[in-house]
Amino acid sequence: MLTAATATADDSSSGAAKPTRTDDSHMQWWRDARYGMFIHWGLYSIAGGEWKGKDYGKEQGGASAEWLMNSAKISGEEYRNTLAPQFNPTEFDANKWVSIAKDAGMKYIVITSKHHDGFCLFDTEATDYNVIDATPFKRDIIKELSEECAKQDIRFGVYYSQFKDWYHRSRGRQNPGPEQ
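Take the sequence shown: its letters are residues 1431 to 1610, numbered as in our numbering.
Laid out in C-alpha cells, this is it:
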C-alpha cells in the first residue's frame, strides 16, 4: 500500500495545488525507507524514444521514451496497433524483480500502472487498452508485482496518470496529445 497526500485546486494566481492535510506524518514510512525502486515501464519501452527512424529523445533535448506518443504526434490507433502486439515480456518474473530490490536493501517498489499513453499494465473493465486484452502477454503485471511485494514484505505502490491521457482523450484533463 502506498500512502499519498491529496491536493485540491488553489485559487491563488500561481495555480499551484495545496495539500489538504497539514499533518504529513502518514509519509513518515517513506522518509524512513529512503531507498526504493521506481519502475517506468509500458508500451513506450518497446520504441525506446524512436519512431519511424527518428530519435525523439535526441531531437527534443533528451525527451523521455514515455513521452513518445506526444512528442512524435502519433495517433492513439497507430500507437496501439504498432506497439501493443509487440508487448510480450515473457521473461518478466515478479519474484526476481522484488528479490533484487530486497537484496539491494530497497524498502518499496512503485511502478507506472498507467502512463500518459493510456495503456494499463493491469486487468481492468474500464478499457480494453490493457495488458490482458490488447497484448499477447495476457498477464496482470501489477497484480503479480503487488502479490510478490506482499510475500517479500516490501511496500508496493503505483503511479497512475489520469491528469494526462493521450489515448482516452475525454478522460485526460490536460495536454490532449495528437489528434486521433
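We treat Cβ as the ideally placed atom computed from N, Cα and C, and that holds for glycine. Owing to the predicted nature of the structure, the values given are computational and were not obtained by experimental measurement.
Taking the beta carbon of residue i as the centre, do at least 16 other beta carbons fall within 10 Å, making it buried, or is it exposed?
i: residue 1531; result: buried
i: residue 1468; result: exposed
i: residue 1581; result: exposed
i: residue 1547; result: buried
i: residue 1535; result: exposed
i: residue 1520; result: exposed
i: residue 1533; result: exposed
i: residue 1549; result: buried
i: residue 1593; result: exposed
i: residue 1556; result: exposed
i: residue 1465; result: exposed
i: residue 1542; result: buried
i: residue 1544; result: buried
i: residue 1510; result: buried
i: residue 1441; result: Since pLDDT at residue 1441 reaches only 42, below the 50 mark, its modelled position is unreliable, and the value read off the structure follows with that caveat. Label assigned to residue 1441: exposed.
i: residue 1614; result: Only positions 1431 to 1610 of the chain appear in this structure, which leaves residue 1614 out of reach.
i: residue 1604; result: In this prediction, residue 1604 scores a pLDDT of 46, lower than 50, which makes its location untrustworthy; no coordinate-derived value is stated.
i: residue 1462; result: exposed
i: residue 1478; result: exposed
i: residue 1483; result: exposed
i: residue 1578; result: buried
i: residue 1558; result: exposed
Based on the DSSP output, what are the partners of residue i in its beta bridges?
i: residue 1480; result: 1485
i: residue 1517; result: DSSP, once it has assigned bridges, lists no residue as partnering residue 1517.
i: residue 1585; result: 1538
i: residue 1590; result: 1544
i: residue 1469; result: 1541
My guess is that residue i and residue j are in contact by the Cβ rule of under 8 Å, so how many angstroms apart are they, rounded?
i: residue 1473; j: residue 1514; result: 6 Å
i: residue 1495; j: residue 1475; result: 7 Å
i: residue 1540; j: residue 1589; result: 6 Å
Identify every run of the beta strand (DSSP E) within the region 1526 to 1565, keeping only runs that are complete inside it and at least 3 residues long; order them along the chain.
-> 1538 to 1544
Using 8 Å as the threshold, is the region 1512 to 1526 in touch with the region 1567 to 1583, meaning 3 or more CB pairs across them?
-> yes
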